[in-house]
Every structure is written in C-alpha cells, then in structure tokens.
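4 protein chains.
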Amino acid sequence: MHFASDNSGPANPEILAALSAANTGYAMGYGADEEMAKVTSRIREIFEAPQAAVYLVATGTAANVLALSTLSQPWQTLFCTRQAHINVDECNGPEFYTGGAKLTLVSDADKMTPADLRQALEGEENRGVHGPQRGPVSITQVTEFGTVYTLDELRALCDVSKSYGLPVHLDGARFTNALVSLGCTPAEMTWKAGVDVVSFGGTKNGCMGVEAVIFFDPAKAQEFEYRRKRGAHLFSKHRYLSAQMLAYLTDDLWLRNASAANAKAARLAAGLRDAGAHFSHDPQANMIFAALPRATHQRLFDAGAVYHLWDGTLDGAAEEAVTARFVCDWSVGDDQIDAFLALL
Amino acid sequence: MHFASDNSGPANPEILAALSAANTGYAMGYGADEEMAKVTSRIREIFEAPQAAVYLVATGTAANVLALSTLSQPWQTLFCTRQAHINVDECNGPEFYTGGAKLTLVSDADKMTPADLRQALEGEENRGVHGPQRGPVSITQVTEFGTVYTLDELRALCDVSKSYGLPVHLDGARFTNALVSLGCTPAEMTWKAGVDVVSFGGTKNGCMGVEAVIFFDPAKAQEFEYRRKRGAHLFSKHRYLSAQMLAYLTDDLWLRNASAANAKAARLAAGLRDAGAHFSHDPQANMIFAALPRATHQRLFDAGAVYHLWDGTLDGAAEEAVTARFVCDWSVGDDQIDAFLALL
Amino acid sequence: MHFASDNSGPANPEILAALSAANTGYAMGYGADEEMAKVTSRIREIFEAPQAAVYLVATGTAANVLALSTLSQPWQTLFCTRQAHINVDECNGPEFYTGGAKLTLVSDADKMTPADLRQALEGEENRGVHGPQRGPVSITQVTEFGTVYTLDELRALCDVSKSYGLPVHLDGARFTNALVSLGCTPAEMTWKAGVDVVSFGGTKNGCMGVEAVIFFDPAKAQEFEYRRKRGAHLFSKHRYLSAQMLAYLTDDLWLRNASAANAKAARLAAGLRDAGAHFSHDPQANMIFAALPRATHQRLFDAGAVYHLWDGTLDGAAEEAVTARFVCDWSVGDDQIDAFLALL
Amino acid sequence: MHFASDNSGPANPEILAALSAANTGYAMGYGADEEMAKVTSRIREIFEAPQAAVYLVATGTAANVLALSTLSQPWQTLFCTRQAHINVDECNGPEFYTGGAKLTLVSDADKMTPADLRQALEGEENRGVHGPQRGPVSITQVTEFGTVYTLDELRALCDVSKSYGLPVHLDGARFTNALVSLGCTPAEMTWKAGVDVVSFGGTKNGCMGVEAVIFFDPAKAQEFEYRRKRGAHLFSKHRYLSAQMLAYLTDDLWLRNASAANAKAARLAAGLRDAGAHFSHDPQANMIFAALPRATHQRLFDAGAVYHLWDGTLDGAAEEAVTARFVCDWSVGDDQIDAFLALL
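Protein chains in written order, with full-length UniProt numbering: chain A, 1 to 344; chain B, 1 to 344; chain C, 1 to 344; chain D, 1 to 344.
Right, dumping it as structure tokens:
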C-alpha cells in the first residue's frame, strides 16, 4: 500500500536487464556510445522529428534547468504555475542555471489558462531595461495536481507564447502518463502543438534514473552541450543512461508502464470515490488528490498505508477532511489496491 | 587492446548485481534510503572518521564542483595544477558552481611542490579588495599524469595550505588506485595528512557512475546539500547510487578493482619499457605516459589497439617519438596485454 | 510643471559646491579618502550606531543588490512586495548578485502587513532541500505608492522576521522623505525597529548620485567590500561620492531637501483633491497617485505638464479616470505648483 | 610630489564646470538625457564610426566586465596578460559578470606578442565540450607596465584573434595616454586595427568618474543595456555622466590632459635616468617603473614623496635596488617634478 511517489518503487526489470546487457566490452564515453545513436534515432522516430537534437541526463531537475537555461537569458523572466516543479522543488536551480533569471507565477491552479498566461505576460509589460524581459513559458504535463492539459489547451497556450515570440518548454517528468491519458501521439502533444523543447521523463515511469531533453529545432543544441558539461551532468560511462532510455522505448515499455500506472490510479480513484472522498482535482493520470477525514487517514496509516497528506496534518478534528496525494507507479500490484480499498 | 580510459570498460558485475538486489520494493527517495545509511557508516569506518558527512553524486565533476563551491567564496581563487581536471576538463564548472571564483595554476608539472604552492600563494599577495582572495587548495591523487603523491608530499602541501588558513580538497577520481599504490590507509591519505574534503571516486574504478563527497568536518554539510539539490545532482531514486557505492565497499571490491588495474598497468609499462619506450612520468598507478615512434603507433593502431596520443599526431616523421597515454581499468585481461606486447 | 520623478530635477547646489571644494590636491582612492572617514562618523552619529559599517555606492540598485546579496544565500528566497524596486525595476539584479536567489512576493499592496508576511513565510514551508530556504525580508520606505510605514508597522514586520530568524533590509531610496513624514529619528526607523541593513538614499533627494549602505552589525562588512569591488561599484576617485554624502548630511541638507519635497507634494495633493482627483493611496511623502479624467490629463499634457500615467493611457473615453503618478523633488518651485493647479 | 596613481589627483576644473552647467532644470533619466545624444555623436565623430553604440558607466571595472560579458559565453576562456587589470585588480569581476568564464594568461610580460597569443590559443586546443571554449581577447593599452602597443603590434594581435574568429576588447583605461604617445587617430588604434569593443577611459585622465564603452558593431548593444542595468550601473541622473564625458571631449580636453601627463612623466623619467635609475620597462606614456636603491626610496619618502614600491619593500640592504611605480596625471605641476628631481 505504497502510494507516496512514483520515484519510490523499483525500476522495471527490463531496465536492469538492459543495463546488464550493455555492460560488456568497451564503449566510447560522454555520449559517443553506440546505444546513444540508437536512442536518438528512436526518439526522432517516436516524435516524428527527424532533425531533433536529443540529450540524456540523470535527473528531471537537470533536464529542466539545462533546457530552460538554454532557452533563456539572465535578464528574462520565465512563466510557469506556482506549483511548478521548477518553482517549488528545485531549490532555485533554474535561477542558478540561468544566471539569475526570474520566474513569473502565472496561476495558483493546476493548469494555467491562455487568459492567465496572457495576463501574466502583459503584467511583465515593457519597462524598457528596468524590468525583466519576457522569456520562455514552461508547461507541466501531467500537471503537479494530476490533471492533463488537452491538446486544445496546449495549443492555445503555445499560441499565446508564440504571439509574444516566446519559446515553450514542456516539463514532461510524467510525459507518458499524459500521453496515454490523452491517447495522442508524442508529436501531437509537443511540436505539433507548438512546444519547442521537452523534458521527457523516464525516472518516474520505471527507469532507474534517466531523462531525455529534446530540442525540435537543433539550433541551440551545441549550447546545451556546453551547459550540460559545465553543469557536471555529462556522464563518462554514458552507455548506462543510453541503455536505460533504449530499453524504455523498446517493446513499448514506456507505454506499458504508464498505462499500468494510470490504470491502477483509476482503480484507486474509483474506490476512493465510492468511499466518499472529495477530489480537489480530477485524477487524469497516475496521481490523485483526495480528501478524507482525519480519522480515516489515521486508520489507513496505522494499517501501513504510505502516502502524503497534502494540505494539513493529522492534528485536528477527527472528522475534518484533509487532502492527501496518492501516486501509482508502474509496479503497484492490484493486491495492494485491493488491500487499501478493503481497509478504506 | 583497449587502453583509452578507465571509463570505457564495463562496470564490475558485482555492481550490477547490487543494483538488481536493490531493485525490489519501495524505498525513500533523495538519500533517505536504507542503503545510504549503510554507505555512510561504511565510509566512516573505512576512513576512521566517525563524524564525517558523506554524500553521493553520479559524476566526478559533480563531486569536485560541489565540494569546491562549498569550500570557497566567489571572490576567492582556488589553487591547482595546470592539468588538473577542474581546470582543463570541466568546461568552467568550478567557475560556474562557485559563482565566479578563479583558478590559480600552481604548476605545469604532474605534482605541485610545497615550494610551487607557496610561490603561487604569495603571488596572490594581499591586494586588499582588488585582487581575488586566497581560497582552497585542490590536489589530484592519482595525478593527471599517473603519478602518486607520497604521504610526505601530501602532508607538506597540506601544511602549506594550513599555514595560510586554507582548506584542502582532494580530487580522488582515482583515489583507490593511489591508495593501493601507496599501501596506506584512507585516513593516512586524507585527514591525517590534512585533507578536509575528498572526492572519492567510484566511476573510474569499476562502478557505473557514483562518487562520494566526504567532509571530515560536517560543519558545511547542510550547505553542500542545498548546493547538490540546486545543482540538480540529488537523485530521486537515490538507492541506485547507494547500492553501487555499498557494493564497491563490500568484500574489498574497491581495493580489488584498483589492485587489478594497477597490476595490469605495471605489466604494460614493463613491456613498453622493454620495447624502448620513454616514460615522461613514472607510472605509479594505472596510467602510463610513454613515447613511441610514430611508426610504432601507426602499426599498433592498425592492429586494433585503442589509446590516445597525448602530445602530437600521426602526422610527421615516422621515427619521431610521440607520447601516448595508456590507461588500464579493472577489467583489462592479461590476454589483451599479451596481445599488445606481442604486437609491440 | 515637471512631476515625473525625483531623479529628473537638478542636484542641490550645495552638493556641487562640495564637489568643487573636494576637488583639490591628492586623495587616497577606493574609500580611503578623508571625507569618507567623516561620512562614517556622521552616519554613525545620526543613526546613534557607533559600530555601524558604512559604504557608499552610486546607484540605488547597487545599494540594494549588494546589501541583499551580503545578507542571503543563493538557495534562499527574499521577501518583498510585488511592486518593490528590487522586483520590478532592477532587471533581475538581485537574482544576479545573489547567485540565483528568488523573490517571494508578499503582497500586491503598497505595504506588506505582518499577516501577509507571515503567510508568505509559511508558504515557503519546510520542504527540506527541495524548495528555496527563507532569506531576508526587504521593506521599502517610502513605499513605491508614496505611503509610509508607521514605526509600529515597521516594528511588527521586523518582529515577524526575527521570529523566523531572518534579517531585515530597508530599501530607503526615499529614506529621508519617510523620516520627515514620520517625524522620528533614523534610529527609530531602523535598528530600534529591528532593521539590520539600510539602503540610505541620496540620489532621489538632491544628490547627484550617491547612496550609503549601512550595516548596524559590522560582522558581514568585509564580505560587502568584496562584493562591491567585484560588482565594479568601488570608485577609484571615491572622494566625490564622499563629498556628496558629507554635504548631504551637513547643515541638515538631507532634511531640508526632503521636507521641501514633501511640502510641495502636500500642496499639490491638496490642489488635486480640491479638483476632485481620487487618490488610490494616501500621499504621505513626496509621491501622489491620483486619478483624473483622461480629458484633464490631455489638457495638462498639452499645457506642458510632465508626469507619468500609471495604469492606463490616453486612449479611451475622455471622461474616464486614469491614475497618474506625480513626484515632487526638493527643487520644485511654488510657481510650478501654482501654474499646475491653476491649469487644473 | 604625489606620483601614486592617476586616480588620486583632482578632476580637471573643466569637468566640474560642466557638471555645474548641466545642473539646471529637468532632464530625462537613464541615458535619455540630451547630453548623452551629444556624447554619442561626438564619440562616433572622433572614432570615425557612425554606427557605433556608446554607453557610459562610472568605473573602469564596470566598463571592462560589462563589455567582456557581452562578448563572451560562460563556457569560454578570455585571453589577457597576467598583469591585466581584469585579472589582478577586479576581484573576479569578469568571472562574476560572465557567469563563470575563465581567463587564460597569455604572457607575464607587459605586452602579449602574436606568438604568445597564438600559443595560448593553441593551448586551449579543441577538447570538445570538456575544456573551456576560446573567447574574446582583451588587450590593455597603455599596458599595465607603462608601455604602448604600436599600431603594427595591435594589428598583429587582432589578426591572430580574427584568424580564430574571436572578438577583441581594448581595455583603454589610459586610452588617450596611448593615443598621444602614438600620435595616431582613435580609429587607427581601434577598429582599423581590428578592435571590436573599447573601454574608453575618462576617470584616470582628469574626469571625476566616467568611462565609455564603445561597440563598433552595434549588434550586441541591446544585450549590453540589459547587462548594465542588472549590474546596477545604469545611472538615474545620467546627465552627470554625460556632462563629464562631453566636457572631456570638448576643446580637446582629453588630449590636453593626456599630453600633459605624458610630458610630465617624460620629464620625470629623464630625471630618474640621469640619477642612474634602471627602467624595467620603457616609459612610453604616463607611468614609469624605475629601480632605485632602498636608501634613495627611504630618503624620498622621508621628504614627502608619494609613490608605490612595486616589487619589494624597504626592508633589506640599503644599497639594493627596488623597482617603484611612478604615475603622472594631468594635474602634476612642474614644481613638484622639480622638487622631486632636486631631492633625487
């Protein structure tokens, strides 16, 4: 009954098998391994983007901060939601990597709307050299609240960004969970909608630790390489990143993992709904934000369930509802869900 | 016959076995995994340093730049040799992470001497606020030229540093190769000599990608944690770093790997010496810098040998000697050395 | 009829006279001039702070970014209002100088309240190393909307800050305008209320270009000096900064200038009120935010009045009110105010 | 008998007169003052560069670090001599403003030669992403040792730089002293030789505190403006910078000041030579590096002469020669030189 995070479960055994398979003989370091060439080909194929530049790093934060610093200038401000990982969970990594850019918080909600974005962009009105200049827009898909932007919503946000001449970054730490939720193609969810650069997550979806950064226009690729190296994110034994990503994209493992996680989350959500839980956001991928009475949380924790309370603690009136976050990864078993729902 | 680098061979199978063993059930992320507690204990034990703060990162550059930025201020200059990895192989990573500190190059040789260091320190004389202030001294052990500082040499350098009140960092990307070469204890090669912080390498010595940063005085440990996080070097699925390091330090794998690499390099060096090669530096660990005629290099390359020419190319007089770098890792087989020496 | 800014009028002739007087013979550079010793003494006397460390720079932004970077760490977030100069008018200077710290916007109003501040501080809850850590609180006095924090308000904000262990910075670009408005002592408006560091403005109050940074606790003074030098803000011919500040603090020039500016603004405000203008904020120093019909603005501009529309343009319904900002500096003549009010 | 520095004498009275003249009425701030338009025109005229972008700052360090950061990327290394002001006298300001670029020290001598530069550039050979990339070349004219590059020398250095595709920056803190020494035009000493950006000094040549940064190709001018603002170097009351620079360029004041300083230095040098002083560098502008016996220094200091010992102290054998630096500014009187030489 572990629903704390999609980074706390094990990696898919196919990932580890690929590591073992790659662990033979000599390989060129620093991204010149043969597996990396295959990763690039495979990602270009999947994204229908034959010119895309593709890079691997080991953490989602690295993918985000390196992508954003390549897209921006230190005197700009980046646009994201208040709850965006780049705002609340990277300890000022974006400010560090960009050399001191700012983040403008577009919305407190799970999703920014085109109207929110336009208002925030207008708020950074032309103050000449006095204020920060407008920089890239970063959209998180799956959102930090477990919802998924529709293709129309993505397109509309990209349209607003483009009307200001601004590049769009997609924080896709849970990219595949969104993809299978929407049932669209990677191209539709990215460059066809207007996205310029993607942080394409593997870690939260069954890998050990690997993320791809994909530039659909390779013009700034060389700059990214310098930034990755001086950020200390270029692996000497790079084949082990490549092997993970290649296995992830082989035999639909990425899709199988995300589909499993989403399906389990859907079962869990249905059970919670039946138990009377209130959902602050509609669970559309593998995360659920559901409110239950404190007494219920206490009982579940006592029985060994693991998950995070989101907007409160166990201190307070027993009957008062407190929202919790439940996350399913690829590995959660039906038995665990059954056990949890039985308890509930 | 692959002697290009100690990052091009495979990881030791014991490392991969440990990854598989760790790949079960749920684990807390971000360094709160149970394996990490064991890593800390084991490193404290090995280093006879019960108070040491221990952190894991995935690249040697990350270990160096995070350690050095924690030890320094942006208005300081760091002292190292010209060939130090932090100077020539990190694409200004130290300058980036420190917020703009400088490197003062103490010596062009493999090792800095106490006299070199003192001269460089005096060269950064007191210019009030105008010049950079003196910052940490960084020593590379094994040196970039395959030699090893003796304990006396290390102590003397640390003594100079301490006489200026400066902390000492040891870049130990090849820490264990030096250790088995000297036949001393980790404590003797570090804090007993006066070293304050160590980049303790695993990657070049048979791991997939893991390095420990060890602070003997934990006073700045909290700062290191913020720096690691905002540098995007804190792994969510941290257990896979821990598992590597734990396996590395179990059953003497670290010592076995380094001993094997050094022994193979000694055999290779002996054969090169017999073949008349000139050594620009005495090979004391697992790296050899040996000069051979161009014609010989050409013949070896044609036969499939892989290594780097260090100070020239194949263009030129056939009989002219060109220095090459040969590196042995833990995995190189006697058969490969035999084949190479037979060719030679 | 020029009310655009308190940086567009001339410097007080006493300032220029002091420059000329200082322009004789040789003087030590870089802050070692004799005038600077007098400046330090005078500021310590005025602030009843015999231990204070005092530094001069030439711009208000320099004072702010150097002060704040000395008080903070790159992984922290600073607390200020949305309209604070450090947020909207320094082109990410604070982010640059701090090495990538963040600003948390406490309030959209002119003043932050203790409740606002506490809520913002709680909003940066303990996320371990993931989120930014809490850093200094920066309060602007006179506020960007022309209001003045009472001593009680200042003390309450400082108390909240101190209860979180955070230092307090006062952006006093218009320090003296606030001081004469409150009728209190400099000590009461700063360290007695709990302020740790002040940007003490001269430029907007009749100087050519000089600001003092005052640290009541000199512990971090040496760090400030390094930061000022590497920020390129240490003047070689420093005597010309000193001479300005010394003249400013001689014969009550600072108080006379601010009193004049505030008095003229009060006359202007009274006239605007009589003419039916609506005040979005109570004008308590030398700035007025007053709404007039577009047609009135048009008429005033046509007659040669100079000031900034604040929240709109001349495009729109003629009878609709648009807020404008009027600023009086020390030099504005009664004749100008008379002429403007006659027009109105 | 004050020869300590060309920043310790008074400003030329014409500069102060210009400040007073400018101190009337209202002026637009932040560089939009009318005087600035005249400054730009005048500099374009003097430099025969009708497209040049021109900016003013108050310190020479600001001019250098803003110019260099605009020309470079954080992953590059800049080329200069060891004694360059940007290396030894800016407290890592260039590293700070560039976001962590490095300086490669081309030569320990007063001037770099084309061979030195080429060797240094080759030393930063292509290491892919591992090492820093080659960035701008910065040449100091007058050199830090009082010598002056000939036009042929400048052209040769620029030719080498251009052959690597690198921009050239001229640190002209003593630009005019070099100009009158060479008897050439500003265009000849800059863009006609291949210089791209100049720090055009005023402060050391009789101004209070003003330097121009001149971009002959205005393509990066907008970026410079953002960097100046966030560096806190954009003056609100900008007219006082403009007025200084305009007066400096009016009635040949810049040339008169530099000619006077050079002439006085020539007289001083002749007297020193007659007294048997040894010159470590040929004094070609307004700085002299001359060795005298310790006993002589002691005698001169005792008699009130002010100058800096350069490579030693008064402690040691009385008859041993110690090199001292003597600098003449525009204001030094013949009576002072007479008095000094009489003493000598």
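From the three backbone atoms N, C-alpha and C, an ideal C-beta is built for every residue, glycine too.
Review point. If you follow the beta strand (DSSP E) that P186(A) is part of, which residue opens it and which one closes it?
Key: In the DSSP assignment, P186(A) falls outside any beta strand (DSSP E) and within the unbroken alpha helix (DSSP H) covering P186 to M189.
Point to revise | Nearest-angstrom Cα separation, counted from E211(B) out to K204(B) | key: Spanning the two alpha carbons is a distance of roughly 9 angstroms.
**Study point:** Unbroken alpha helix (DSSP H) run spanning L170(A), endpoints
**Key:** Residue range V168 to G172 is occupied by the beta strand (DSSP E) that includes L170(A), with no alpha helix (DSSP H) assigned at that position.
Exercise for review: Would you verify that the beta carbon of Q284(B) is, or is not, closer than 8 angstroms to some beta carbon of chain C?
Suggested key: Taking CB atoms only, Q284(B) has no neighbour in chain C less than 8 angstroms away.
Check your understanding: Hey, out of P13(B), A285(B) and A27(B), whose CA is closest to L182(B)'s CA?
Key -> Comparing Cα positions, the closest option is A285(B).
Practice item. Return the bridge partner residues of S161(B) from the DSSP annotation. Key: Beta-bridge partners of S161(B) (DSSP): none assigned.
Practice item. Measure from the alpha carbon of V197(D) to the alpha carbon of each residue in G172(D), L249(D), A266(D) and C207(D), then state which is nearest. Key: Out of G172(D), L249(D), A266(D) and C207(D), the CA that lies nearest to the CA of V197(D) is found in G172(D).
Point to revise | Contact set for Q76(D): own chain, Cβ-Cβ below 7 angstroms, skip 5 residues either direction | key: The residues A101, P132, Q133, R134 and G135, in chain order, have a CB closer than 7 angstroms to that of Q76(D) in the same chain once the five nearest residues on each side in sequence are set aside.
**Study point:** Own chain, CB closer than 6 angstroms to K220(D), minus 5 neighbours either side, in chain order
**Key:** So the list reads T70, once near-sequence residues are dropped.
Check your understanding: Quick one: what does DSSP say Q83(A) is sitting in, helix, strand or coil?
Key -> It is coil, neither helix nor strand.
Practice item. Within its chain, find whatever has a CB closer than 6 angstroms to the CB of G276(C); leave out the 5 residues flanking it on each side and keep chain order. Key: Its chain contains no residue whose beta carbon lies nearer than 6 angstroms to that of G276(C) once the 5 sequence neighbours on both sides are disregarded.
**Study point:** Whole-angstrom C-beta distance between Y240(C) and L19(C), which should lie under 8 angstroms
**Key:** About 6 angstroms separates the beta carbon of L19(C) from that of Y240(C), a gap short enough to meet the 8 angstroms contact definition.
Check your understanding: Between the segment 95-108 of chain D and chain B, which residues of the former have CB atoms less than 9 angstroms from a CB of the latter, in chain order?
Key -> Of all residues in the segment 95-108 of chain D, only E95, F96, Y97, T98, G99, G100, A101, K102, L103 and L105 come within less than 9 angstroms of chain B when Cβ atoms are compared, listed by chain position.
Review point. Is any beta-carbon of chain C found at less than 8 angstroms from that of R230(B)?
Key: At least one chain C Cβ lies under 8 angstroms of R230(B).
Check your understanding: Looking at P94(C) and the ligand NAD, is the gap between the Cβ and the nearest heavy atom below 7 angstroms?
Key -> By its list of ligands, the structure shown contains no ligand whatsoever, and the ligand NAD lies outside what it can speak to.
Review point. Going straight from the alpha carbon of D108(B) to that of D315(B), what length do you get?
Key: Distance between the alpha carbons of D108(B) and D315(B): 26 angstroms.
**Study point:** Secondary structure of T203(C), DSSP reduced to three states
**Key:** When DSSP states are grouped into helix, strand and coil, T203(C) belongs to the helix group.
Point to revise | Any chain B beta carbon closer than 8 angstroms to W75(C) | key: At a cut-off of 8 angstroms between C-beta atoms, W75(C) counts as an interface residue with respect to chain B.
Check your understanding: Using a C-beta to C-beta distance shorter than 7 angstroms, which residues of chain C count as neighbours of V65(D)?
Key -> Those are A232, listed as they occur along chain C.
Exercise for review: Find the residues of chain D that neighbour D252(B), judging by a C-beta separation of less than 9 angstroms, and give them in chain order.
Suggested key: Those within 9 angstroms of D252(B) in chain D number zero; the least Cβ separation is about 32 angstroms.
Point to revise | Alpha-carbon to alpha-carbon, A232(D) and M208(C) | key: About 16 angstroms.
Review point. On the three-state DSSP scale, how would you describe H238(B)?
Key: In this structure, H238(B) counts as coil in the three-state DSSP scheme.
Check your understanding: For L272(A), which residues from the same chain have a beta carbon less than 6 angstroms from its beta carbon, with the 5 sequence-adjacent residues on both sides left out?
Key -> Within the same chain, L272(A) has close Cβ partners A290.
Exercise for review: Could you tell me the distance, in whole angstroms, from the CA atom of A317(A) to the CA atom of R294(A)?
Suggested key: Taking the CA atoms as reference points, A317(A) sits about 7 angstroms from R294(A).
Point to revise | Terminal residues of the alpha helix (DSSP H) in which Q298(A) lies | key: R294 to D302 is the span of the alpha helix (DSSP H), which, as asked, contains Q298(A).
Point to revise | Continuous alpha helix (DSSP H) stretch holding V39(B): start and end | key: For V39(B), the enclosing alpha helix (DSSP H) begins and ends at E34 to I46.
Exercise for review: Over the uninterrupted alpha helix (DSSP H) stretch that includes L182(A), give me the two end residues.
Suggested key: Run containing L182(A): F175 to L182, per the alpha helix (DSSP H) assignment.
Review point. DSSP three-state call for G135(B): helix, strand or coil?
Key: Under the three-state reduction of DSSP output, G135(B) falls in the strand class.
Exercise for review: Determine the burial state of E122(D): buried for a count of at least 16 other Cβ atoms within 10 Å of its Cβ, exposed for fewer.
Suggested key: Answer is exposed; the Cβ neighbour count stays below 16.
Review point. How many Å lie between Y149(C) and A63(C) at the Cα?
Key: Taking the straight line from one Cα to the other gives about 21 angstroms.
Review point. In angstroms, rounded to a whole number, what distance separates the CA positions of A84(A) and D6(B)?
Key: Rounded to whole angstroms, A84(A) and D6(B) show a C-alpha spacing of 40 angstroms.
Point to revise | Three-state secondary structure assigned by DSSP to L249(C) | key: The three-state reading of DSSP puts L249(C) in coil, since its state is none of H, G, I, E or B.
Check your understanding: Can A4(B) and V327(B) be called in contact, C-beta distance under 8 angstroms?
Key -> Closer than 8 angstroms, so yes.
Practice item. Compute the beta-carbon to beta-carbon distance between S236(A) and D33(A), rounded to the nearest angstrom, for a pair I have assumed lies under 8 angstroms. Key: At roughly 11 angstroms, the Cβ-Cβ gap does not stay under 8 angstroms, so S236(A) and D33(A) are not in contact.
Exercise for review: Would you list, in chain order, the members of the segment 115-132 of chain A that have their beta-carbon closer than 8 angstroms to a beta-carbon of chain C?
Suggested key: If the cut-off is 8 angstroms between Cβ atoms, the segment 115-132 of chain A has R127, V129, H130, G131 and P132 near chain C.
**Study point:** Same chain, Cβ closer than 7 angstroms to A120(D), neighbours up to 5 away in sequence not counted
**Key:** Cβ neighbours of A120(D) beyond the five flanking positions: F79, T104 and V106.
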